[in-house]
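Participant: Would you mind keeping the following structure in view while I ask a few things?
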Amino acid sequence: MFLEQAINGITLGGIYAIVALGYTLVFGVLGIINMAHGEIFMFGAFVGMLLVSKAGVPLPVAFLGAIAAAASMGLLLDRFALRPLRKRPGASHLASLISTIGVSILLENAAHRIFGAGNHLFETPFSDIRFQAGSVTVYLVQAAILGISLLMMAGLSLWLSRTRAGKALRATAENLETAGLLGVDTNRMITATVVIASAMGGVAGVLVGMAFNFINNRIGLSMGLKGLAIIIFGGMGSVYGAMAGGLILGLSETFVVAYGPAGYRDAIAFVTIIVVLLVRPQGLFGQAVSDGKP
Amino acid sequence: MPVEWLNPYHLQVGSFLLINVLLGVSIYITLSTGQLSLGNAGFMCIGAYTAALLSTKCGLPIPAGIALGAVLAGSAGVLVGLPSLRLSGVYLAIATLGFGEVIRAVAVNWETLTGGAVGVAAVPQMGRVLLANLADAGFAPGDAGLRPNQFIALSVFLILLAVTALVIAFFLRLDRTRVGRAYAAIRLDEKAAEAMGIPVTYYKVLAFSQGAMVSGLAGALFAHSTSYISPEDFTYHRAVEILVYAVFGGSGHLLGSVFGAAALTLLPEALRFVSDYRHMLYGLLLVLMMIYRPQGVIDPPLLRRLHRARAEEAP
Amino acid sequence: MKRKHQAIAALTCALFALVFLGARKAGPASKPKGEPVRAKIGVISIITGAGAGYGEAITNGFRLARDEVNAKGEVLIDLKVEDSTGKAEQALSAAQKLINSERVAAILGPTLSTEMKVVGPEANASGVPIMGTSTTAKGITQIGKYVFRNSLPESLAIPASIGMAVKKYNLKKVALLYGNDDVFTKSGFDTMKEVSERLRLSILTVQEFQKGQSDYRAQLTRIASLSPDGVFCSALYEEGAVILSQARKMGITVPFVGGNGFNSPKVIEIARDASEGLIVATPWFAERDDPKVKSFVAKYEKAYGKKPDQFAAQAYDALHIMANALKAAGSADREKLRDALAATKNHMGVLGKFSFDADRDVVMDPNVLIIQGGRFRPFR
């Protein structure tokens, strides 16, 4: 049973990690916490579900559809909720937090209007492919989730460190004005960041649907809050931190259910937030910053 | 009957409005030092459960239970606030959000104390207890020309009105004292405030625990007005609702939050079609306010203009 | 300084006034004139918000029954529907409006047990009979002598389904699984545990889950590793269907016994083949061979374009029970109506034979059903 639970935990953790990567990318560049990320992820999942279960398109097309939908939501989010705040000098750093909380509430309830409150079956033949290793059953989806999350992490860190665009992005993150003076189109860089992060949310959405077979309009909030906990634990803006934090949270939630007081499963994430912020505010992989401020 | 117009329904809505006003005040106080707390639903939860359990399990008189609920929430505020002060801005907001969820998880899981998801039922309702006590003393609501349920609703409303008025008066006064000025200085520029010799940490913890205390007070009053509480009453959505009160009404002045809470309680009651889209509207409000009027509908300049306009009207 | 406070106060008062302008128009309660008994009955239901699906079925049930009653002409019922949005505070405001502004003779609803725990004491203190049609938690009618319900409580449903499942499959070791942050599923679980202990079953494990969770595999892996003879699961059908689906996929093939909330055709719709073998106890069986049931199902489908569920059926019966009580009371007087309601015995409705016990709670025999071949069938 230990092995099976470990697999459950890693699967969950892989999904958490992908969600957290989206958070950490936006935070790393913009220094803001995008509270709407979870809801964009949820919409991606719904678009994937509609394409697969209702329209019957092949899985890769569903992935592309979900990515496109999530990316365009990211574009809209930046255009209407974040850019206006950047333009205004002296806007409080809380403004973007509040504004994205607004978007998240709006999207959660919009999804409730559009899709209803219930669970929707996410049916794809791919989810049924499994291997038997001794007494343990492993589903291909579970392996795929871990693989995709590792790939994304590696790709993201390579992109950030090696490519021109990645360097421009880091320059933007370092200092918006200087980057602008050096000829980086900072506005475009920021928009690109939000769009890429959202697209990753779309991938995570489809993976969740495949792994659990069901989606509903509340997964955005619950997954989003978990993702938030993970980046605080792993270190804001740290790509490796998001990955490690995701796996650790996924495993500890699974093992609390397996061996401990299951009722506190959701609380682990929040206790982690509080403890980490108090003991090591920069998180596991984060760099110490003065004042706990970005 | 002479007081037929006194409708318990209106008083009921008024009572909830006053509780929401208290919640609006509570988030304003922490905001007045530039700190955003998303944990006020958690503090409200502490206040509500303390008051409800003390009166149902220990038979403590209601006012004592309410006071202890507020004090306990305030102490929790100190405990959370003290270490949280190493954090600022968004980090504090996230930490308090986490705190709120942990409190709710405890309320759900600590079944022997809190009853779990089933909640605490048969919490003595202020109005009914008052009526029973007065009846023992030989008073009948009919003497005042009131039906019993009119009397109950009216007494709850008046108690809440008195408490809310006191709280608002206290914090309006505080605004003009050394403490209020320190809050404002910290909000404007924490470093400068520190350089000027203001004990920033002390005032931030003070503001944080004052906010927690008022949330706890609101929670305790809520428990004794509805006579039933469950963890469902204190979710993340409640915390967001409280935030909307301050953001919409205005976080630059106490009366902004008061106005925000009042307006947003009445709106769905007045316009039924709004209640269908209530939360979507809240989300939209947060975004639009941040873009177009981050200081909220009511801000000090508006208040000054209003004041001047009225002064000019007067001869 | 003072001036601006006055301005705010004036603004708030103006809003307040605006809100209640509409509400003042309410007239006094209609009085019996001549033969038919006229009564205004309040309904508190979830019209908007997460539970609106329940509210829709319930109000449909009420409206269908009202039209039948009014067509007969002995009792004329005027329904006043208010929205609770599923929140206890809103439900209380709605109840105050119905009791004091609309002056209704009685209230049907509210939908959730949490709402009833707030509304019940108020209606009771105001002397207004109130009947829940979907409130199944413990301690509802104990609120006071004006509080009734016709919804089958878990304490009746669960012993029936567990009892029959234990007998049929000879269950000895069971696993329990429930949502611990919901009143309904929590109180269903309490009954399951009680019944299991009474039947001397060995409880291998108790697993909890929370709302909005979509991954139940950690709990199910634990349950599978203990290989129980059966799983008792207290969940709402939305979660329940997902749990069933994931459980079957993991190879847990033992019988599942669900609570009242698990009883919905939606389970079959969502979980498909995985729902086979689910056992539930329910007051409502749409395929029962009874002309009353058939005519209700036909009328409901014609009016609303879908099959009635348990909530519609319970609401439908509740309004007929109310109408009969009004007829017996001979007026819309709240006091007389309460006594007439309490005297309800052997009412034959679409749910079967129904009576109130001394505590104004439900006396009836539940149906135990099992999902077989993609539909609910009687379990024998």
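Protein chains in written order, with the numbering used here: chain P, -10 to 283; chain B, 279 to 593; chain Z, -12 to 367.
Cβ coordinates follow ideal geometry from the N, Cα and C atoms, glycine included.
1. Note down the Cα distance separating B/Tyr523 from B/Leu563, rounded to an integer number of angstroms.
2. Is there a Cβ from chain B that is less than 9 Å from the Cβ of P/Ala99?
3. Using a beta-carbon distance below 9 Å, is P/Ile22 in contact with chain B?
4. Name the residues in the segment 201 to 217 of chain Z whose C-beta lies less than 7 Å from a C-beta of chain P; which are they?
5. Where does B/Arg556 fall in DSSP's three states?
6. Does Z/Ile86 have its Cβ less than 9 Å from a Cβ in chain B?
7. Check whether the segment 512 to 521 of chain B and the segment 338 to 347 of chain B are in contact - that is, three or more C-beta pairs closer than 8 Å.
8. Once you ignore the five residues that flank P/Gly229 on each side, which residues in its own chain have a CB closer than 6 Å to its CB?
9. Would P/Ile4 pass as a contact of P/Gly235 if the rule is Cβ separation under 9 Å?
10. Near Z/Phe176, which residues of its chain fall below 7 Å by C-beta distance, leaving aside the five closest residues on each side in sequence?
11. May I ask you to report which of helix, strand or coil DSSP gives B/Pro270?
12. For P/Gly(-2), which of P/Phe111, P/Thr243, P/Gly63 has the nearest alpha-carbon?
13. Of all the options Z/Ser201, Z/Phe219, Z/Val62, Z/Gly114, which has the alpha carbon lying nearest to the alpha carbon of Z/Glu322?
14. For P/Ala133 and chain B, any beta-carbon pair shorter than 9 Å?
15. In three-state terms, what does DSSP make of Z/Leu143?
16. Check each candidate in P/Ile179, P/Ala181, P/Met212, P/Leu139 and name the one with the smallest Cα separation from P/Phe32.
17. Would B/Met322 pass as an interface residue toward chain P - the criterion being a Cβ-Cβ separation below 9 Å?
18. Quick one: is P/Leu145 near chain B, going by C-beta distance under 9 Å?
19. Against chain P, does Z/Pro15 count as a neighbour if the rule is that its beta carbon must be under 9 Å from one of theirs?
20. Are the C-beta of P/Ile179 and some C-beta of chain B separated by less than 9 Å?
21. For Z/Ala285 and Z/Gly292, I'd like the C-alpha separation in whole angstroms.
22. Evaluate contact between the segment 252 to 267 of chain P and the segment 177 to 184 of chain P, counting only Cβ atoms and requiring at least three cross-stretch pairs below 8 Å.
23. In the DSSP assignment, what residue or residues form a beta bridge with Z/Asp70?
24. Under 9 Å between C-beta atoms, does B/Pro426 make it to chain P?
25. For Z/Ser282, which residues from the same chain have a beta carbon less than 7 Å from its beta carbon, with the 5 sequence-adjacent residues on both sides left out?
26. Look at the alpha carbon of P/Pro114 and the alpha carbon of P/Asn205, and state the distance between them as a whole number of angstroms.
27. At a Cβ threshold of 9 Å, is Z/Glu76 touching chain D?
28. Give the straight-line distance between the Cα atoms of Z/Gly29 and Z/Gly96, rounded to the nearest whole angstrom.
29. Whose Cβ in chain B lies nearer than 8 Å to the Cβ of P/Asp255?
30. Hey, would you say B/Gly367 sits closer than 9 Å to B/Phe486, going by beta carbons?
31. Got a sec: is the Cβ-Cβ distance from B/Arg556 to anything in chain Z below 9 Å?
32. Could you work out which residues of chain P lie near Z/Gln233, taking near to mean beta carbons separated by less than 9 Å?
33. How about P/Ala106 and Z/Gly40: do their beta carbons lie closer than 9 Å?
34. Please state the DSSP three-state secondary structure of B/Pro509.
35. For a minimum of 3 consecutive residues, which ranges assigned as the beta strand (DSSP E) are wholly contained in the segment 74 to 138 of chain Z?
36. Could you tell me the alpha carbon to alpha carbon distance between P/Thr167 and P/Leu267, rounded to whole angstroms?
Facilitator: Short version:
1. As a first step, residue 523 of chain B must be located in the second sequence, where it is residue number 245. As a first step, residue 563 of chain B must be located in the second sequence, where it is residue number 285. Approximately 10 Å, taken between the alpha carbons.
2. Start at 1 with the first residue of the first sequence, and residue 99 of chain P comes out as number 110. Chain B, which has a Cβ nearer than 9 Å to the Cβ of P/Ala99, makes this yes.
3. In the first sequence, the residue the question calls residue 22 of chain P occupies position 33. So yes, P/Ile22 belongs to the interface.
4. Ser201, Asp202, Arg204, Ala205, Gln206, Thr208, Arg209, Ser212
5. The residue you call residue 556 of chain B lines up with position 278 of the second sequence. Correct three-state label for B/Arg556: helix.
6. In the third sequence, residue 86 of chain Z corresponds to position 99, counting from 1. It does; some Cβ of chain B falls within 9 Å.
7. no
8. Taking the first residue of the first sequence as position 1, residue 229 of chain P is located at position 240. As written in the sequence, residue 229 of chain P is Tyr, which differs from the Gly given in the question. These residues qualify, in order along the chain: Phe274.
9. Position 15 of the first sequence holds residue 4 of chain P. Position 246 of the first sequence holds residue 235 of chain P. Their beta carbons are under 9 Å apart, which means P/Ile4 touches P/Gly235 by this criterion.
10. Indexing the third sequence from 1 puts residue 176 of chain Z at position 189. Around Z/Phe176: Leu163, Tyr165, Ser221.
11. Nothing about residue 270 of chain B can be read from this structure; chain B reaches only from 279 to 593.
12. As a position in the first sequence, residue -2 of chain P is number 9, starting the count at 1. Here the closest residue by C-alpha is P/Thr243.
13. Translated into the one-based positions of the third sequence, residue 322 of chain Z becomes position 335. Closest by alpha carbon: Z/Gly114.
14. As a first step, residue 133 of chain P is located in the first sequence; it is residue number 144 there, counting from the start. Taking Cβ atoms only, chain B never reaches closer than 9 Å to P/Ala133, which makes this a no.
15. Counted from its first residue, the third sequence places residue 143 of chain Z at position 156. DSSP places Z/Leu143 in helix when its eight states are reduced to three.
16. Residue numbering aside, residue 32 of chain P sits at position 43 when the first sequence is read from its first letter. Nearest option by C-alpha distance: P/Met212.
17. In the second sequence, residue 322 of chain B corresponds to position 44, counting from 1. It does not: the Cβ of B/Met322 has no partner Cβ on chain P nearer than 9 Å.
18. Looking up residue 145 of chain P in the first sequence gives position 156. It does not; no Cβ of chain B falls within 9 Å.
19. The residue you call residue 15 of chain Z lines up with position 28 of the third sequence. Confidence in Z/Pro15 is poor, its pLDDT being 41 and thus under 50, which makes the residue's placement unreliable; the coordinate value appears in the next sentence. Cβ-Cβ to chain P under 9 Å: no for Z/Pro15.
20. Residue 179 of chain P sits at position 190 when you count from the first residue of the first sequence. P/Ile179 does not count as touching chain B.
21. Reading the third sequence from its first residue, position 298 is the one you call residue 285 of chain Z. Reading the third sequence from its first residue, position 305 is the one you call residue 292 of chain Z. Spanning the two alpha carbons is a distance of roughly 10 Å.
22. no
23. The residue labelled residue 70 of chain Z in the question sits at position 83 within the third sequence. Per DSSP, Z/Ser32.
24. Your numbering for residue 426 of chain B matches position 148 in the second sequence. Answer no: the Cβ-Cβ gap between B/Pro426 and chain P never drops below 9 Å.
25. Residue numbering aside, residue 282 of chain Z sits at position 295 when the third sequence is read from its first letter. Cβ within range, chain order: n/a, list empty.
26. Numbered from its first residue, the first sequence carries residue 114 of chain P at position 125. Numbered from its first residue, the first sequence carries residue 205 of chain P at position 216. Those two C-alpha atoms are separated by around 20 Å.
27. Absent from the structure: chain D. Protein chains present are P, B and Z.
28. To locate residue 29 of chain Z, count along the third sequence from 1; it is residue 42. To locate residue 96 of chain Z, count along the third sequence from 1; it is residue 109. Cα to Cα, the separation comes out at about 8 Å.
29. As a working mapping, residue 255 of chain P is identified with position 266 in the first sequence. Glu379, Ala383, listed in chain order.
30. Residue mapping note: residue 367 of chain B aligns to position 89 of the second sequence, counting from 1. Residue mapping note: residue 486 of chain B aligns to position 208 of the second sequence, counting from 1. No, the Cβ-Cβ distance between B/Gly367 and B/Phe486 is not below 9 Å.
31. Here the question's residue 556 of chain B lines up with position 278 in the second sequence. Cβ-Cβ to chain Z under 9 Å: yes for B/Arg556.
32. Reading the third sequence from its first residue, position 246 is the one you call residue 233 of chain Z. Residues of chain P passing the Cβ test: Phe201, Asn202, Phe203.
33. For the purposes of this step, residue 106 of chain P is identified with residue 117 of the first sequence, where counting begins at 1. For the purposes of this step, residue 40 of chain Z is identified with residue 53 of the third sequence, where counting begins at 1. It is a contact, given that the beta carbons lie within the stated cut-off.
34. Along the second sequence, read from residue 1 onward, the residue named residue 509 of chain B stands at position 231. Three-state result, B/Pro509: helix.
35. 93 to 95, 117 to 119, 134 to 136
36. Here residue 167 of chain P refers to the residue found at position 178 of the first sequence. Here residue 267 of chain P refers to the residue found at position 278 of the first sequence. Looking at the two C-alpha atoms, the distance is approximately 33 Å.
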